[in-house]
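Student: Numbering (my numbering), first residue to last: -9 to 419.
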RNA sequence: GCGGGUAUAGCUCAGUAGGUUAGAGCGCCAGAUUGUGGCUCUGGAGGCCGUCGGUUCGAGACCGACUACCCGCCCCA
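1) For a minimum of 3 consecutive residues, which ranges assigned as the beta strand (DSSP E) are wholly contained in the stretch 320 to 377?
2) Using 8 Å as the threshold, is the stretch 313 to 328 in touch with the stretch 382 to 391, meaning 3 or more CB pairs across them?
3) Please report the residue range of the alpha helix (DSSP H) in which residue 172 lies.
4) Give a yes or no on whether the C-beta atoms belonging to residue 321 and residue 329 are separated by under 9 Å.
5) Going by alpha carbons, who is nearest to residue 205 out of 253, 238, 223?
6) Count the other CB atoms, across all protein chains shown, that sit within 10 Å of the CB of residue 263; report buried if there are 16 or more and exposed otherwise.
7) Looking at C-beta atoms only, is the number of pairs between the stretch 30 to 47 and the stretch 71 to 87 that lie closer than 8 Å three or more?
8) Do residue 174 and residue 44 have their CB atoms nearer than 9 Å?
9) Which residue wins for smallest C-alpha separation from residue 260, given the options 281, 119, 354, 306?
10) Could you spell out where the alpha helix (DSSP H) holding residue 84 opens and where it closes?
11) Under three-state DSSP, which class holds residue 23?
12) Tell me, please, which residues DSSP counts as bridged to residue 289.
13) Where residue 374 and residue 367 are concerned, what is the direct C-alpha to C-alpha distance, given to the nearest angstrom?
14) Start and end of the beta strand (DSSP E) containing residue 298?
15) Counting pairs of Cβ atoms below 8 Å between the stretch 173 to 192 and the stretch 210 to 230, do you hit three or more?
16) Which residues share a DSSP beta bridge with residue 393?
17) By alpha-carbon positions, which one of 347, 267, 357, 141 ends up nearest to residue 24?
18) Count Cβ pairs between the stretch 192 to 201 and the stretch 282 to 289 that sit closer than 8 Å; are there 3 or more?
19) Out of 159, 192, 356, point me to the one whose CA is closest to residue 246's CA.
20) Taking a contact to mean a Cβ-Cβ separation below 9 Å, would you say residue 103 touches residue 11 in this structure?
21) Can you confirm whether the stretch 91 to 100 touches the stretch 129 to 139 when touching is taken to mean that 3 or more C-beta pairs between the two stretches lie within less than 8 Å?
22) According to the Cβ coordinates, are residue 233 and residue 139 closer than 9 Å?
23) Checking 9 Å against the spacing of the C-beta atoms, do residue 126 and residue 302 come in under that value?
24) Let me know the alpha helix (DSSP H) ranges lying completely inside the stretch 123 to 157, each 4 residues or longer, listed in chain order.
25) Is the beta carbon of residue 292 closer than 9 Å to that of residue 42?
26) Taking the straight line between their C-alpha atoms, what separation do you get for residue 307 and residue 255?
27) Can you tell me whether DSSP reads residue 266 as helix, strand or coil?
28) At the level of alpha carbons, what is the spacing between residue 356 and residue 331?
29) Residue 67 by DSSP, collapsed to three states: which one?
30) Short of 7 Å in beta carbon distance, which residues of its chain neighbour residue 346, apart from the five on each side in sequence? Order them along the chain.
31) From the DSSP output, read off the bridge partner residues of residue 280.
32) Quick check on this structure: which residue in 304, 297, 146 has the alpha carbon closest to the alpha carbon of residue 128?
33) By a C-beta neighbour count over all protein chains shown, 10 Å radius and 16 as the cutoff for buried, is residue 67 buried or exposed?
34) Please check the pair residue 352 and residue 412, which I expect to be a contact at CB under 8 Å, by giving their CB distance rounded to whole angstroms.
35) Could you say which of 63, 61, 76 lies nearest to residue 49 if we only look at CA atoms?
36) Hey, how far is the Cα of residue 115 from the Cα of residue 274?
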């Protein structure tokens, strides 16, 4: 039979409580911190990503789903791509809709997004070709590091609210983009003498992206790697001061972090502050949960006015996988209906529909089957649904204008009128 | 793009040195009280053993190819 495309998957109803929870807590975090939602198209002109994310990045040059749109008789179609990330699109929208206009100096625009992204990579644990990201961007004329600390403070609350502990916040400064070229030169010079002592991967990285040498997991390369100059030592004075203030703002908030002077992010547009939050459970080798940083100048890169920006994104798939097992269990159980109606006989069946409607109008989550079945079977179904109550309706109850309400956890059962049932069920909701 | 692993019931997996009718647990169905679930017991249904080819008297087991999925590398959320 026809199955899902490699690297894509169905997210089934049984997992939806977890996805909804992550989304709900994220939206609450954004609400509290003054972010508004934006939805940008899934397809954009290829050029947006080529220029915004960077032509040379792996994301753009080997992982993008790019196609030529159907043209017309007189002209060729243009190159379009499925978005591999959302920051470039949000900045594009910020410019296109003139969101910076009419604002006082320093006034910020705070936007967040939730949606699918696409990268044509080899799927593995915690990595998909269609994956979902939640992210946010703070844009404007200000690059005050307090903005960065506040965003991380929000993420800190978010993770705690989801009961995701045991995470590590890594911070670094990659300096001004123009300084990075100088640093890269310095790094390559430092590596060169040891080239034949490094592993094959590192020799390859030396040619393609020397910064990645720091990520090498090969033991034998470590002694050499620790001697190499790090980017944090090569940044300009203003960036250094910025980074110091950033750390002070984190300290002031009591947020623990580790400075990783070797951490670099994969996208070209980052400048100064870069950070990531690593998780530890259930992610295989994909431990990065959240990644973000500052991207002053991205606007100019895609043809807009000067602006400063700071943002992050996290993988929803990974975040869901990182929910603690007991929390996940709790969320799934909480998804059960309030009440399951069991009816016996045609008269009761018709009453059951009326009662279901009344209960639903009262805001109660009600489940009932349309076909009558043996009571034993119906009760078993009620039990399996996870419902807190079974409402039993037979000829006797109909005659009395009442129903049996059975608490499925305790086994207690009472003959009650509808108003009493509503009161009892909503009391524990 | 490269490397490793797996493919047997709806699900998770066992299947010994190739040998008759392919197993378990869970789930499902039916029963053990007539209008009461969970727990227990009894019985039952359900499988071209991923596909194609090869070795053999004989293949779920061995070999090859293909496909799919999983994991890792690169890189990243």
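All residues carry an ideal CB built from backbone N, CA and C; glycine is no exception. In this text, all values refer to a predicted model and were calculated from it rather than measured experimentally.
Tutor: The answer reads as follows:
1) 329 to 333, 356 to 358
2) no
3) Counting from one through the first chain, the residue named residue 172 turns up at place 182. That run of the alpha helix (DSSP H) goes 167 to 181.
4) Position 331 of the first chain, counted from the first residue, corresponds to residue 321. Position 339 of the first chain, counted from the first residue, corresponds to residue 329. No, the pair does not count as a contact, with Cβ atoms beyond the cut-off.
5) Here residue 205 is taken as the residue at index 215 of the first chain, counted from 1. For the residues 253, 238, 223, the minimum Cα distance to residue 205 belongs to 253.
6) The sequence position of residue 263 within the first chain is 273, counting from 1. When all chains shown are included, residue 263 counts as buried.
7) yes
8) By 1-based counting over the first chain, the position of residue 174 is 184. By 1-based counting over the first chain, the position of residue 44 is 54. Not in contact: residue 174 and residue 44 (Cβ atoms no closer than 9 Å).
9) Locating residue 260 in the first chain gives position 270, counting from the first residue. Looking at the Cα atoms, 281 is the closest of the given residues.
10) As a working mapping, residue 84 is identified with position 94 in the first chain. Its alpha helix (DSSP H) spans residues 77 to 86.
11) As a working mapping, residue 23 is identified with position 33 in the first chain. DSSP places residue 23 in coil when its eight states are reduced to three.
12) For this step, residue 289 is matched to residue 299 along the first chain. Note: residue 289 sits in no beta bridge, so no partner.
13) To locate residue 374, count along the first chain from 1; it is residue 384. To locate residue 367, count along the first chain from 1; it is residue 377. Rounded to the nearest angstrom, the two C-alpha atoms are 11 Å apart.
14) Position 308 of the first chain, counted from the first residue, corresponds to residue 298. Its beta strand (DSSP E) spans residues 298 to 305.
15) yes
16) As a working note, residue 393 is residue 403 in the first chain. Answer is 406, bridged to residue 393.
17) Position 34 of the first chain, counting from 1, holds the residue named residue 24. With distances taken between Cα atoms, residue 24 lies closest to 141.
18) no
19) Walking along the first chain from the start, residue 246 turns up at place 256. The residue with the shortest Cα to Cα distance from residue 246 is 159.
20) Here residue 103 corresponds to residue number 113 of the first chain, with the count starting at 1. Here residue 11 corresponds to residue number 21 of the first chain, with the count starting at 1. The answer is no: Cβ separation not under 9 Å.
21) yes
22) In the first chain, counting from the first residue as 1, residue 233 sits at position 243. In the first chain, counting from the first residue as 1, residue 139 sits at position 149. Result no, Cβ atoms of residue 233 and residue 139 do not sit closer than 9 Å.
23) Here residue 126 corresponds to residue number 136 of the first chain, with the count starting at 1. Here residue 302 corresponds to residue number 312 of the first chain, with the count starting at 1. Their beta carbons are under 9 Å apart, which means residue 126 touches residue 302 by this criterion.
24) 135 to 151
25) The sequence position of residue 42 within the first chain is 52, counting from 1. The sequence position of residue 292 within the first chain is 302, counting from 1. Yes, they are a contact pair.
26) Numbered from its first residue, the first chain carries residue 307 at position 317. Numbered from its first residue, the first chain carries residue 255 at position 265. The straight-line gap from Cα to Cα measures roughly 20 Å.
27) Counted from its first residue, the first chain places residue 266 at position 276. Residue state, collapsed to three classes: strand.
28) On the first chain, position 366 is the one that residue 356 refers to. On the first chain, position 341 is the one that residue 331 refers to. Computed Cα separation, rounded: 7 Å.
29) Here residue 67 corresponds to residue number 77 of the first chain, with the count starting at 1. Of the three classes helix, strand and coil, the one that applies to residue 67 here is coil, per DSSP.
30) In the first chain, counting from the first residue as 1, residue 346 sits at position 356. Excluding sequence neighbours, residue 346 sits near 331, 356, 358.
31) Residue mapping note: residue 280 aligns to position 290 of the first chain, counting from 1. Bridge partners of residue 280: 267, 304.
32) Start at 1 with the first residue of the first chain, and residue 128 comes out as number 138. For residue 128, the nearest C-alpha among the options comes from 297.
33) Along the first chain, one-based indexing puts residue 67 at 77. With fewer than 16 other Cβ atoms within 10 Å, it is exposed.
34) Reading the first chain from its first residue, position 362 is the one you call residue 352. Reading the first chain from its first residue, position 422 is the one you call residue 412. The Cβ separation is near 5 Å, so the contact holds.
35) By 1-based counting over the first chain, the position of residue 49 is 59. Selected option, being the one with the closest Cα: 76.
36) Looking up residue 115 in the first chain gives position 125. Looking up residue 274 in the first chain gives position 284. Going from the Cα of residue 115 to the Cα of residue 274 covers about 6 Å.
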